[in-house]
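Undergrad: Residues in the sequence shown are numbered from 56 upward in steps of one, following the working numbering.
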Amino acid sequence: MLRCVELLHSVNVLHGDIKPDNWLMIPGKPGSELSKETQEPDKANNFKAGDLYLIDYGRSIDLSFYPTGTVFRGNCHAKGFQCVEMLTQLPWTHQIDTFAFLGTIHCMLFGEYMEVKPRRNSKGVIQWGIVRPFKRYWQVDMWEDFFHELLNVSSCSEQPSLLNLRRRLENYFATDANRQQELFKQLTRQERFLRKSTI
Numbered sequence: 056m057l058r059c060v061e062l063l064h065s066v067n068v069l070h071g072d073i074k075p076d077n078w079l080m081i082p083g084k085p086g087s088e089l090s091k092e093t094q095e096p097d098k099a100n101n102f103k104a105g106d107l108y109l110i111d112y113g114r115s116i117d118l119s120f121y122p123t124g125t126v127f128r129g130n131c132h133a134k135g136f137q138c139v140e141m142l143t144q145l146p147w148t149h150q151i152d153t154f155a156f157l158g159t160i161h162c163m164l165f166g167e168y169m170e171v172k173p174r175r176n177s178k179g180v181i182q183w184g185i186v187r188p189f190k191r192y193w194q195v196d197m198w199e200d201f202f203h204e205l206l207n208v209s210s211c212s213e214q215p216s217l218l219n220l221r222r223r224l225e226n227y228f229a230t231d232a233n234r235q236q237e238l239f240k241q242l243t244r245q246e247r248f249l250r251k252s253t254i
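Below, the structure written as structure tokens:
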């Protein structure tokens, strides 16, 4: 999912309506290069995770039609998917997508829409975070950093590196064979479930 958002932003397109309903998983052998990169290296029992599509571009914004440095104001009015900048009446650009991406991840982790609130850190600086705590066996440091970075964007001209965040997530699995095995086991279960649900 993060790679999809990263690719969209690299061609100056904001999706504008990322949410769980707008991700479509097509079971079977992946057809896109994007999905092939997530496959386990050639093995006899290789799973077929399928393709993941981000759909519904009705609210998308092609930034190439605007002068460089253009920012937006306003509210998307989608509860649980209004970025911090919308909640605080500040300008936004890519935050509309990165916040909604986090909202989707939050739904996957917790099974409910994301709620955020501001808190003062030890230096008195206001920082935004999610209301729900991460479970202690969820790689808390990684997830806290991930959410912190995408919720606390310093300005529209200084966006977090999605590439660096994605690499950190990928490295989490790539550096541990047990994690890789568990990931592929879960993806295989997912494939079976998707196949049953499409019959």
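By construction, the Cβ of each residue, glycine as well, lies at the ideal position given by its N, Cα and C atoms.
1. Tell me, which residues are paired with G184 by DSSP?
2. Among R58, I110, D76, which one has its Cα closest to the Cα of H70?
3. Counting only runs of 4+ residues fully inside the segment 117-170, write out the alpha helix (DSSP H) ranges in chain order.
4. Quick one: measure Cβ to Cβ for K190 and F136, integer angstroms, because I've assumed they're closer than 8 Å.
5. To the nearest angstrom, how far is the alpha carbon of R128 from that of L107?
6. Pick from Q214, P188, N176, T148: whose alpha carbon is nearest that of H161?
7. Measuring alpha carbon to alpha carbon, tell me which residue in Y112, E61, L62 is nearest N77.
8. What is the rounded straight-line gap between the Cα of G184 and the Cα of Q236?
TA: According to the structure data:
1. DSSP output for G184 lists K172 as bridge partner(s).
2. It is I110 whose Cα lies nearest to the Cα of H70.
3. Listed in chain order, the alpha helix (DSSP H) runs fully inside the segment 117-170 are 139-142, 150-165, counting runs of at least 4 residues.
4. By a beta-carbon distance limit of 8 Å, K190 does not contact F136. Their separation comes to about 23 Å.
5. Looking at the two C-alpha atoms, the distance is approximately 30 Å.
6. Looking at the Cα atoms, P188 is the closest of the given residues.
7. Nearest of Y112, E61, L62 to N77, Cα basis: Y112.
8. G184 and Q236 have their alpha carbons spaced roughly 31 Å apart.
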